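Residue numbers (the UniProt record's numbering): 1 to 122.
Glycine is no exception: its CB is placed at the ideal position from the N, C-alpha and C atoms.
Values in this document were obtained by computation on a predicted structure and should not be read as measured data.
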């Protein structure tokens, strides 16, 4: 289940970014975006790009955590096969927490900038 979410999350972030970019281009083609509003939208796009990369990083770290630290890795290590070490477990856990914090930060910033753009015209 966790591995599936690690793949679905970044794909969702990518699709959200692509749909937002397409919407912005469609609005520009129809001259429905004023020149003064473009920097606001570009800031929102930048946050969206950072959100996408943060989601991808979190997905990669989560997949590594599942592969090297999950139950199958523990069973392999117990049976004498390749499996993650304790140091790797700690490192991947710390990386996953940091990646999650960064992803949350950018999701909040992206949502906030989009909401302000829509509701306040900023």
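Check	Outcome
Where does residue 59 land, buried or exposed, given buried means 16+ other C-beta within 10 angstroms?	buried
So what's residue 93 in DSSP terms, helix, strand or just coil?	helix
Less than 7 angstroms between the C-beta atoms of residue 92 and residue 64, yes or no?	yes
My understanding is that residue 66 touches residue 96, with C-beta atoms under 8 angstroms, so please give their C-beta distance in whole angstroms.	Contact doesn't hold; Cβ gap of about 10 angstroms is too wide.
Secondary structure at residue 1, three-state DSSP: helix, strand or coil?	coil
Which stretch, first to last residue, makes up the alpha helix (DSSP H) that contains residue 50?	38 to 69
Look at residue 51 and residue 110 and say whether their C-beta atoms are less than 7 angstroms apart.	yes
Residue 37 and residue 113 - do their beta-carbons sit closer together than 7 angstroms?	no
Given that a residue counts as buried once 16 or more other Cβ atoms are within 10 Å of its Cβ, and exposed if not, what is residue 4?	exposed
How about residue 44 and residue 115: do their beta carbons lie closer than 7 angstroms?	no
Quick one: Cα of residue 30 to Cα of residue 22, how far?	12 angstroms
Is the distance from the Cβ of residue 11 to the Cβ of residue 24 below 7 angstroms?	no
Helix, strand or coil: how does DSSP classify residue 85 here?	coil
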